[in-house]
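Below is one structure, written out as structure tokens; comments come after it.
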Amino acid sequence: MSEAALKHLSETQTKDIDENIAWAKINRDVLRSMENPRRGYWIAMAISVALFSVMIYAEVYQYIYGMGPALLNTSHMWDLYISTFVFWIGMSHSGTLLSAILHLVHADWRKPIYRFAEAMTTFSLMTAGIFPVIHLGRVWNFYWVMPYMTDRGIWPNFRSPLIWDAFAITTYLTSSVLFLYIGMIPDLAICRDNTTGWRKKLYTWLSLGWHGDDRQWRNFRITYLMIACFLIPLAVSVHSIVSMDFAMAIMPGWHVTTFPPYFVAGALYSGCAAIITLFILLRYFFKFEEYMTFPILDKVCKLTFVIAMVWSYLNLVEFASVWYGHDIPSKEVLLAKAYGPYAPFFWGMIAFGMFLPFALLSKWVRRNMKLLFVVSVLLNVGMWLERWMIVTPTLSMSYHPWGWNIMWPGWVEWAMVGGSFGWFGMLFLIFVKVFPCVSMYEVKEMVFHRKRTIYEDVDEMMVLHKGAPTAVEAGSTKNGGS
Amino acid sequence: MVVVLVGAIIVIAAQILDQKLHYTSTDVVPGPIVPGTQYPDEAFTGIDVPQPIDFSHKIHAGDNEINCMFCHTYARRSKVSGIPPLSKCMGCHTVIATEKPEIQKLTAMWEKGESPQWNKVHDLPDFVHFTHQRHLKRFLFDNQELDVSDAKRVCSMCHGDIAEMTVAKKSRPLTMGFCIRCHEANEGPSDCTKCHK
Amino acid sequence: MSSLFGNILKGWTDYTKGIEEGGHHEYEHMWGMVIDLDKCTGCNACSVACYAENNIATVGEEKYVARQSMQWLRVERYFDEPDIDPGAIDDENAMQERGASFLPMMCQQCNAATCEPVCPVAATYHTPDGLNAQIYNRCIGSRYCANNCPYRLRVFNFYSYTDENGAWPEPMKQQLNPDISVREKGVMEKCTFCIQRINAAKDKAKMENRQVTEGEVKTACQQTCPTQAIMFGDLLNPESKVTQAWVRQQIKLGKYKQDRENPTLRGYRIFEELNTDPSVLYLERVREE
Amino acid sequence: MANHTAPTHRIFGLFADFEQAFEVIAGIRRYEVPGITVDDVRIKSPIEHPEIEDVLGERPTNIPKFAFVGGLFGLIFGFFFLAGAQANFTVQPQGGKPVITIPSNLVLAYEMLILFGVLATLIGFIIGARLMRKRGPFYDHAVSLDQIGIVVERVDDTQRQQVRDLFAKHRVIDIFEENAQ
Amino acid sequence: MNQSKLDRRQFLKGLGLGGAGVALAGCDLPSYVTLEQGEENVISYLAPNEYVIPGVGVWYASTCVGCSAGCGIHGRVREGRVLKLEGNPDSGVNMGRLCQMGQAALQHHFNPDRIANPMVRKNGALVEASWDEAIALINEKSKSGKAAWVTGTISGHQRVMAQTHLGAIGGSRHYAVEQINANVWKTACKDIINDPNPEIHLEKAKVIFSLGADFLGTFISPVHFAASYAEFRTPPRGTLIQAEPAMSLTGGNADHWVGIKPGSETALALGVANALMNNHGVAGNGISNATKTLINKHDPETVAGICAVPVGRIEKIAASLAANSPSLVLAGGSATGNANGYSAAAAALMLNQMLGNIGTTITAGRELAYPQLDLVEGNSANLKDLAIDANEGKIDVLFVSGANPLFLAPKSLKMLEGWNKVGFKVVLSSMLDETAEAADVVLPLASSLEDWGSHIPSYAKGTRNLALQQPLMEPVFPNTRGFGDVVLALAKDAGAPGLDDYDDYYGYLRSAISALKKTDSEKEWNGFLMAGQTQIPSLGRKLSYSDGKITPTMNDSDDGNLTLIASARMGMWDGRGANLPWLQESPDQISKVVWDSWAELHPKTAKSLGIKDGDYINIKSASGEVTTRAFIYKGIHPGAIAVPIGRGHSALGRYAKDNGVNPLSILNGASDSKTGEIATTATKVSVKSAGKNKQMAKLMEIDRQHGRKLVATISADKQRRTEGGA
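So this is what it looks like as structure tokens:
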């Protein structure tokens, strides 16, 4: 789409979706997005694979030589691995938010964009799940955290927040994969009906014999609702549990009671920011202007802003409670964050996380795709810094001054962090070419219901009884469209 | 109510399952051979280890009924049972069965002042602390029902029926599970640091 | 197959007991230590003895700079008048007027250890001896325990030190103590109060059908200390010197606020206020005014 | 009610216009075809229609029960599994603290509740929606695009034509028939 | 006798590696791989003794030769390997305690860099040779000229053996070289109180005023003094006052640490004496009038100017000494490490006399009845003599053992030039140090844990003992031989009389000690070995006092340069500990630096020179320069810079080589006027930043406790109230 057309669109697009869009066009557009990857796709894929390969190399290196090359040390036993883990867990909250919460409150503007958000949830979790494993000193024994029966009569320690993590992530990953998958079944049936070859086989197998009868739809609706209901408390519990990795510890700067809500808010925040990023990318690359519209983007941006403010508030509450709580070690950690060697990163987090969201209030920013893209990426950089600033400064300044020192991550750690983005990108790129990243049936529903609503508004039913042109007659295709 | 009921069912079911798992093998193997002890068992077929000299436990401990601790004399004094010193072998074999080829091998070594390099049969991992001394005291010397001459019944708890073996063979798995089951059955210590060093 | 649910009722009894009696402390021993900081000269003999006894790897300069060193017992040194800001030094105050302060720090064997509950695989746990044990072979290296130790007394094998370029090139390997494992990379380790010596003494006592006696167990640091500033013994044994010292200093286990009749007594435990309940009692350094 | 042939036919009509399809069901509901009730009607739709379901009447599903049972099982099993494991893990008495740690087990049992709840919901869905079975004979790709299909079951010979007429009246696009015998 | 020897040998032979092996890499295996059967071997014993039980550690007594203190040790032997050393509780020297160097002796024993085979220089390079070849070469060359021996402090039968050999090859010079010594103190004691090695009772003193004597670290017998120090600190608790230019370990434990200008210790002692006489009415019995005149010249104000110490502190020291009796005044270390060192020691003894300590805290020692066994105490004056004699061509054949003159000697002594003038150099050593690398023949010695020997501890209270050293295990390197064995063989080859009866040094030692103890019983001999020592006759000495010569003058040109203090540290000692990774990684007690040298600088000095902590600095004297990193703290006089001795090897092994710098190399060669000791605190150096900055390997980056209650300090008054001793 040309610049001018984009500008035009940004001024004229006022509805979440054009309800007269032809249903066949929806199918066509979405199915087209799954085919014939272009050069940009392959470049992105190559970058992702390259990053991921570096990660694999780093992991092999770490496997052979131990955790030393990551430059972890006696004070800093955790560093980027755990902060990046928290970051990715946070990213995963976007899909749940958009899908489940907005589904429950019947915000139907979620429909064109929730699919990729859910995919993001799943893949972020799959990325996040890597980190607790690779950060283990003896990674080959990672399965010892699982509660399985052995003849040795030993079990994991269920009191450890790390075990809670393992349970929570497993549950969350299972649930979110199912949520994504179940919501996709009608679309898989569409794909099945419109493809040939291996895709047809795949979709036939995956769509479980969906044929859209009313029993299926009814069960589908309730299943979807049930899982959504399960997912919301789950999502909250998952990030609370992740926060307990820190809040349950005794360390100053970690032992904070506001951490669970703070983490949840931060998670939703980074998730929303990531949705904006991917929204813009998908819209641009797959030419989804008609589905991922400016009004929807507006709503996402406003939502992001609101959550950003919640997060900022909780952040300030934490600072205030540390400051007025007058626990000296905690206060030292806070001051060290603000004035110590990590200060640039701390202030970067404040700037990107607390102040940058105000840019989202400007309509001009919200309509300026390139700028908004940069803003959304920076928001996530801010959130990544936040996680780093939670993990590392506390370790640098704990109770015993003997352990005070500054540590900068080694190349292995950076490779892992970069590689995690490659891994996520790789999964996501495969996803968008194998599965529909816009929910076709739900866009149709959205169109259908909105149209009915409009008809009701103008008392259209009267007109219909008088034999006025029906939607079929008015449209170029059988139903709807202009 | 429901919670308690389902919980009770789970517990009872598991108890039954556990009982089964615990005692399935007693059908196959006769009861405890050391009085006053519970004896763990497990389907383990054993591993043969070749040795430089074909020493036959059957001839010594089986046919001639030599007490295990006659040769493995360190067992009651140390954590390791020890391989008998060559001088002990030669104590008898300067006189007995000198014509056999394996004994002649041994004599040759003795004269050269070398010791045979035995291959370890029952080798616990290096991070495990196992003491023969304590186990012998618990099962043999402190056991009113067992005479010291019956040492091999105690030994065979972990080493199998050595008296019937030609070259020693690892006939018990000696895994942590094996140890744990015996410790549970006989109320041995369950503290990790007792065995892990 | 061990009984998965068989012990649930027993566990429940223990649980209620724990509630009523504030934890079921069925301890066989409660090993404790007293370190007199007035006698400690900071000579480092304890630290080297610990290296020798416990197969601790030396790491070399580079890794030491990266703070990946492995010492279980470190002798810290502090200055009373540490202000080395040159501007703040006038001629009157130009130099140290006292010596330094030395602090031997080894695992404090906390009775409410912060490291124990966070280990995902229960590789660190409390033994019936009142020790905070570390089972090396169970450790998966999540390092949560070390993060949660306010004393920073847990060290991690960031590298493998067992190869020829490691800490024990041949024939140094021959010196390794067979009573304690050599830890591989990825394993957390820490001071054990020389648990191999404790276990040897307990085994010996059991062989002789008696209790472990006072003075029978000596930790490597205690044994070598030129000024005998380190005392070690069983706090459950009322006769032991350590118990007597704790009583004399009016310090009780299980409390984080000691109601002492005499506040000028020298005994204190480090970070007692965090309620970690350490088993190491320090006696304050004494200096002339 | 004529009953001279067994009600063995199924008739499937494809409608492009959703309103007309609704009208067909409304017609059946008004007994425009004698002997055919709304219970004999199934629809195949590209989207979810709560409105049509209203017209079709209450058709209960068991999924909430599945979810409840799954969740309850997860909660109880989770708690007792963990408690059993802890009670059996003989080195667990750590520092004199309780063997069975209620708070941590509740956290984990909560996760188990959700996990088993979700899994049971999935099973309930597969069972309730009759998924993973051979698809019925009446299916048209148009259903997954934008047309709505109405299946009338248990139609006997006399009703056949009436149903076809009703369909035709409401601008049916295509009609398929099948004798279920 | 032969039979018992066989037994002993057999015992060692029997201890092959049996039973449990080395627990190596124990943790890395997944637990299901416990099935290691058939992969490890067990070798049975051939014919062990009854008490040898695999899996059970047995303790054997021996003697530590890490320094000349001669601490008794117990070595834990299991499966034929010595695993751990502990102090021997029966030893009067260390009472069961051990310092870090004693602990680390194991790593000397198991060191990977030990010499495995004899080496002979061929075409300029040392190549491995057989013992026969090496011995034949020595026998051929050693008769060719004026021979000499260089050893460290040596005593017992090794001394006898070395001197027998020296006599047999017609030499007369024996240089006992020891960098870290108390020669000045002992000489002063001999001259002034008529006992070179008086008993020093730290535990009886209520105040110790130490002029640089680092008795907890490097002074005479550190472990013994540390034990006495512990008693001294037990209520009623004594006060320690330490005066020195750079903080030593003892200074680190002082109640009052007085950082004085290097070389001004004598003046400080005189100033204190002045305050005692004038302000506290101390009479000064036995002090000559000449000395009193000198004291009167040194009123505290004057002294304060000389020493750069506030007057108040001098008064305070005097008050403390006057109020608490008995007290003890010591001098050593940096106080005696300058041209005026003897004066400092003399002044310290004078103070003791004034305070009436002689006879209470300093009492008479005992003299060995067999002076031929007594210590030849090494000193650095001998190092200087060696350099001079070698340069003057007075030595043709040189035997070196237990000393490393090429490392210790300052460049200004031209030791290497002299060394190269010596025609034939034989080094007996277990490690290839600088001296061994420059030798013509290197004979590999067994380690101290593999060798027989007898030692006289350099300091003893009460009775005198002969400390016995016995092998704890078979040689790690089978082609090495004990010092005694080698020298015995050489002496026999050289035709020394009376040695033909002895096959080896063990036989000699046993018969010699049996003769000494007038017993030939096996049981008693085993008793000696089990105790690790045996008492030998000694004669009491008697103390007297006569003033020593005190010359307080300091010819210190205040040229803006700093005074270099080559400080001695427990750990590296004189450099012999540098190849032991335990000692390298054991942080220095004060600076907490590991694996490298450092230069201590006062913050004021550092500021004026523009140097920050961790900066590389260049220290340049008239005879050379070294570059190391700065450690900035207030425990050093602003006019001084201290660099520890011990590192900076160019040889010795993988851990020592190219690690740190050697401050001895740039000393200017000045020496104590009386004893000839090389002055370690008298070299002027210029210091400038070398630019780079690198993080130092240190145990801790911080110096403060940051409000935490880590080391709490209570005032002595309060302690006296609660624990008595007021």
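Residue numbers (the working numbering), protein chains in the order written: chain A, 1 to 482; chain B, 1001 to 1197; chain C, 2001 to 2289; chain D, 3001 to 3181; chain E, 4001 to 4726.
Every residue gets a Cβ at the ideal spot worked out from N, C-alpha and C, and that includes glycine.
> For L4468/E, which of helix, strand or coil comes out of DSSP?
Replying inline: strand
> When you compare only the Cα positions, how much space is there between M4570/E and V2034/C?
Replying inline: 25 Å
> Expressed to the nearest angstrom, what Euclidean distance is found between the alpha-carbon atoms of V4723/E and T4239/E?
Replying inline: Note that residue 4723/E is Glu in the sequence shown here, rather than Val. Roughly 15 Å separates the two Cα atoms.
>> DSSP has D3174/D in a bridge; who is on the other side?
In response: L3014/D
>> Taking the straight line between their C-alpha atoms, what separation do you get for E1065/B and S1190/B?
In response: The straight-line gap from Cα to Cα measures roughly 35 Å.
> Looking only at DSSP bridge pairs, what is A4227/E linked to?
Replying inline: None; A4227/E has no bridge partner.
>> Quick check on I2084/C - is its C-beta less than 9 Å from some C-beta in chain E?
In response: Unreliable positioning characterises I2084/C in this predicted model, as indicated by a pLDDT of 49, which lies under 50. The coordinate reading is nonetheless provided below. Yes, because at least one Cβ of chain E sits closer than 9 Å to the Cβ of I2084/C.
> Roughly how many angstroms separate the alpha carbons of T3101/D and A2122/C, rounded to a whole number?
Replying inline: 14 Å
> What's the C-alpha gap between C4027/E and K1170/B?
Replying inline: The predicted position of C4027/E is uncertain, since its pLDDT is 34 and thus under 50; no value can be drawn from it.
> Whose CA, out of R115/A, M77/A and W88/A, lies closest to the CA of A100/A?
Replying inline: If you compare the alpha carbons of R115/A, M77/A and W88/A with that of A100/A, the shortest gap goes to R115/A.
> Going straight from the alpha carbon of V4685/E to that of Y4616/E, what length do you get?
Replying inline: 15 Å
> Roughly how many angstroms separate the alpha carbons of L385/A and G4707/E, rounded to a whole number?
Replying inline: 30 Å
> Using a C-beta to C-beta distance shorter than 7 Å, which residues of chain A count as neighbours of H3141/D?
Replying inline: Result: D193.
> Is M3001/D buried or exposed, if buried means 16 or more other CB atoms sit within 10 Å of its CB?
Replying inline: Since pLDDT at M3001/D reaches only 42, below the 50 mark, its modelled position is unreliable, and the value read off the structure follows with that caveat. It counts as exposed.
> So, is V1095/B buried or exposed, given that buried needs 16 or more other C-beta atoms within 10 angstroms?
Replying inline: exposed
> Taking the alpha carbon of T2114/C as the point to measure from, which residue in P161/A, H106/A and L356/A has its own alpha carbon closest?
Replying inline: P161/A
> Taking C-alpha atoms, which residue in A4697/E, I4550/E and A4512/E lies nearest to N4289/E?
Replying inline: Of A4697/E, I4550/E and A4512/E, the smallest CA-CA separation from N4289/E is found for I4550/E.
>> Can you tell me where the beta strand (DSSP E) holding Y2282/C begins and where it ends?
In response: Residues V2280 to L2283.
> Does the beta carbon of G1188/B come closer than 9 Å to any beta carbon on chain A?
Replying inline: no
> Would you call N4123/E buried or exposed, if buried means 16 or more other Cβ atoms sit within 10 Å of its Cβ?
Replying inline: exposed
> Quick one: is L1005/B buried, meaning 16 or more other Cβ sit within 10 Å of its Cβ, or exposed?
Replying inline: exposed
>> DSSP has K4698/E in a bridge; who is on the other side?
In response: K4698/E is bridged to V4593/E.
> Between which two residues does the beta strand (DSSP E) containing A4331/E stretch?
Replying inline: Looking at the DSSP string, the run of the beta strand (DSSP E) that includes A4331/E is S4327 to A4331.
>> Could you compute how far the alpha carbon of G4676/E sits from the alpha carbon of S4380/E?
In response: 8 Å
>> If you measure between the beta carbons of F230/A and G3128/D, is that distance less than 9 Å?
In response: no
> Do V4486/E and L4428/E have their CB atoms nearer than 9 Å?
Replying inline: yes
> What residue does the beta strand (DSSP E) around P4644/E start on, and which one ends it?
Replying inline: A4640 to P4644
>> Going by beta-carbon coordinates alone, are V4422/E and I4395/E separated by less than 9 Å?
In response: yes
>> Could you tell me the alpha carbon to alpha carbon distance between F358/A and F305/A, rounded to whole angstroms?
In response: 7 Å
> Which word fits T1166/B, buried or exposed, when buried means at least 16 other C-beta atoms lie within 10 angstroms of its C-beta?
Replying inline: exposed
> What residues in the region 1056 to 1082 of chain B have a beta carbon less than 7 Å from any beta carbon of chain C?
Replying inline: Taking 7 Å as the upper bound on Cβ-Cβ separation, chain C lies near no residue of the region 1056 to 1082 of chain B.
> Buried or exposed: where does A4491/E fall if 16 or more other Cβ atoms within 10 Å of its Cβ makes it buried?
Replying inline: buried
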